[in-house]
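Peer 1: Pasting a structure here, questions to come.
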Amino acid sequence: MNVLVINCGSSSLKYQLIDSETEAVLAKGLCERIGIDGRLVYQKAGCDKEITEAAMPTHKEAIQMVLHALVNEKTGAIKSLDEVGAIGHRVVHGGEKFAASAVITDEMIKTVEECNDLAPLHNPANLIGIRVCAELMPHVPQVGVFDTAFHQTMPPKAYLYGLPLDYYKKYKIRRYGFHGTSHSYVSKHAIQFLGLDPDNSKVIVCHLGNGSSISAVQNGKCIDTTMGLTPLEGVIMGTRSGSIDPAIVEFIAKKENLDIAGVMNVLNKKSGLLGMSGISSDMRDLEDAAAEGNEDAKNAREALAYGIAKYVGGYVAAMNGVDAIIFTAGIGENDNLVREDICSYFKYLGVAIDLEANKKRGEDIVISTPDSKVKVAVIPTNEELAICRDTVALVK
Ligand code: ADP
Numbered sequence: 098m099n100v101l102v103i104n105c106g107s108s109s110l111k112y113q114l115i116d117s118e119t120e121a122v123l124a125k126g127l128c129e130r131i132g133i134d135g136r137l138v139y140q141k142a143g144c145d146k147e148i149t150e151a152a153m154p155t156h157k158e159a160i161q162m163v164l165h166a167l168v169n170e171k172t173g174a175i176k177s178l179d180e181v182g183a184i185g186h187r188v189v190h191g192g193e194k195f196a197a198s199a200v201i202t203d204e205m206i207k208t209v210e211e212c213n214d215l216a217p218l219h220n221p222a223n224l225i226g227i228r229v230c231a232e233l234m235p236h237v238p239q240v241g242v243f244d245t246a247f248h249q250t251m252p253p254k255a256y257l258y259g260l261p262l263d264y265y266k267k268y269k270i271r272r273y274g275f276h277g278t279s280h281s282y283v284s285k286h287a288i289q290f291l292g293l294d295p296d297n298s299k300v301i302v303c304h305l306g307n308g309s310s311i312s313a314v315q316n317g318k319c320i321d322t323t324m325g326l327t328p329l330e331g332v333i334m335g336t337r338s339g340s341i342d343p344a345i346v347e348f349i350a351k352k353e354n355l356d357i358a359g360v361m362n363v364l365n366k367k368s369g370l371l372g373m374s375g376i377s378s379d380m381r382d383l384e385d386a387a388a389e390g391n392e393d394a395k396n397a398r399e400a401l402a403y404g405i406a407k408y409v410g411g412y413v414a415a416m417n418g419v420d421a422i423i424f425t426a427g428i429g430e431n432d433n434l435v436r437e438d439i440c441s442y443f444k445y446l447g448v449a450i451d452l453e454a455n456k457k458r459g460e461d462i463v464i465s466t467p468d469s470k471v472k473v474a475v476i477p478t479n480e481e482l483a484i485c486r487d488t489v490a491l492v493k
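Count along the sequence shown from 1, add 97, and you get the number used in this note's numbering.
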């Protein structure tokens, strides 16, 4: 079955058409600047990218363009839309309502809408994609795959904040966690790849990209994660501060004469690696700057690794041990120096890194030495494939 995977944002839309039997990507791309002007990037497997500038006043025109590109006579990946067997959508927030992916029905859409105030920027955009696909391809089954679902197995001691309980009861303020599709895919893959016992395993997944989160996965189930009510909590990220003393919010507001929205903008868009280095949110730029002796870039990289190590250490305690530490996403998959720095904090656990293996890229690799007491590996994440697999499992 061919599955169209859609990740719909407020002004953009990423897509992949995947053959679920071979798990090959038949075509992929994105629509950008929806509602502004419009640009379609389309790439059939084995071919060059095609870029088309065309008006996309709404997501409907964007998805129509994607569908046209997929069946285009010359460069299409399929002959007819009948060859699309199902559509899988990324949905950011499922609140406490969804602990797993779900087939999209009118009732399911209503339940997702009830979670909208937990992710006011993302969920409404995800729902637009779902509605437009239902309108354009009414006979194709659709599935929603939630960023939060994998973390729903956390116990209350991990998800409750030290706040008045009424706020949890009234407003559902609690830790939800994000990147769940990636944490689920990577932890399962790690258990297989490393030959661990699925029912007796302790795995820590470090998903380190522009947005970063870490999760503790015991016997295949998430027991804790670093992101919270929103993706702002946890480790230092590209432009997000991660966890800080909450009193800093009031302090900055007074000193900089900002309202709450202004401070949140600083914490979400001007902090993290960008804010700390004053150079860039991209680790590659910081690596270059640090190598040239820039102290701020060096401190930002060290603070990122130190902060991650503290969470990883916390999760070793939470699980009373660890079998494997896994790195994934842009930084996790590519930045061997950061991996080395993080692992250097775990020599006391008997973690030993093979520096040559740690330089490899682009594949599943064990980067620990054979005698390391804890296995350390790099496993490239693949959220689209995870969405495709969940979709097929639910519609078959
Ligand atoms: P997103 O969270 O947007 O999905 P990614 O997982 O693609 O982000 O990660 C993006 C980040 O990965 C970049 O900002 C960059 O810092 C980092 N990155 C990518 N390639 C490298 C590399 N070769 N070395 C170090 N960092 C890298």
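For glycine and all other residues, C-beta sits at the position ideal for the given N, C-alpha and C.
Would you give the residue range spanned by the alpha helix (DSSP H) that GLU430 belongs to?
Peer 2: 426-431
Peer 1: For the ligand ADP, any of its heavy atoms closer than 6 Å to the Cβ of MET380?
Peer 2: Yes, the Cβ of MET380 comes within 6 Å of a heavy atom of the ligand ADP.
Peer 1: Would you identify the three-state DSSP class for CYS319, choosing helix, strand or coil?
Peer 2: strand
Peer 1: Is there contact between the region 449-461 and the region 404-412, where contact requires at least three CB pairs shorter than 8 Å?
Peer 2: The region 449-461 makes no contact with the region 404-412; the number of CB pairs closer than 8 Å stays below 3.
Peer 1: Taking only the alpha-carbon atoms, compute the straight-line gap between GLY143 and ALA121 and give it to the nearest angstrom.
Peer 2: Cα to Cα, GLY143 sits roughly 11 Å from ALA121.
Peer 1: Below 6 Å, is the gap between the Cβ of ALA400 and the nearest heavy atom of the ligand ADP?
Peer 2: No, the Cβ of ALA400 stays beyond 6 Å of every heavy atom of the ligand ADP.
Peer 1: Considering just the uninterrupted stretch of the alpha helix (DSSP H) at TYR273, what are its terminal residues?
Peer 2: Counting along the chain, TYR273 falls outside any alpha helix (DSSP H), and DSSP gives it neither H nor E.
Peer 1: What are the boundary residues of the beta strand (DSSP E) that includes GLN249?
Peer 2: Unbroken run through GLN249: none, as it is neither H nor E.
Peer 1: Could you check if GLY306 belongs to the surroundings of the ligand MN, using beta carbon to heavy atom distance under 6 Å?
Peer 2: By its list of ligands, the structure shown excludes the ligand MN, since it contains just the ligand ADP.
Peer 1: Going by DSSP, which residues form a beta bridge with GLN113?
Peer 2: VAL102, LYS125
Peer 1: Under the three-state reduction of DSSP, which class applies to VAL302: helix, strand or coil?
Peer 2: strand
Peer 1: Please report how far the alpha carbon of ALA222 lies from the alpha carbon of ASP438, in whole angstroms.
Peer 2: 38 Å
Peer 1: Between HIS304 and ALA426, which are expected to be in contact by the criterion C-beta below 8 Å, what is the C-beta distance as a whole number of angstroms?
Peer 2: 5 Å
Peer 1: Since MET205 and PHE275 are thought to touch, with beta carbons under 8 Å apart, how far apart are those beta carbons, to the nearest angstrom?
Peer 2: With a Cβ gap of about 20 Å, MET205 and PHE275 do not count as contacting.
Peer 1: Can you tell me which of ASP116, LEU401, GLY106 puts its alpha carbon nearest to the alpha carbon of ALA483?
Peer 2: ASP116
Peer 1: By the 10 Å Cβ neighbour count, where 16 or more other Cβ atoms means buried, how is SER441 classified, buried or exposed?
Peer 2: exposed
Peer 1: When the Cα of VAL80 is compared with those of ASP145, ALA124, GLY185, which residue comes out closest?
Peer 2: The chain is shown only over 98 to 493; residue 80 falls outside these bounds and no answer can be derived.
Peer 1: Once DSSP output is grouped into helix, strand and coil, what is the label at SER378?
Peer 2: coil
Peer 1: In whole angstroms, what separates the C-alpha of THR336 from that of HIS286?
Peer 2: 29 Å
Peer 1: Consider the C-beta atom of ASN431 and the heavy atoms of the ligand ADP; say whether any pair is separated by less than 6 Å.
Peer 2: yes
Peer 1: State yes or no: is the C-beta of ILE349 nearer than 6 Å to some heavy atom of the ligand ADP?
Peer 2: no
Peer 1: Are there 16 or more other CB atoms within 10 angstroms of the CB of PRO261, so buried, or fewer, so exposed?
Peer 2: exposed
Peer 1: In terms of residues, what are the limits of the alpha helix (DSSP H) holding THR208?
Peer 2: Here the alpha helix (DSSP H) through THR208 covers 203-211.
Peer 1: Helix, strand or coil: which one does DSSP assign to LYS141?
Peer 2: strand
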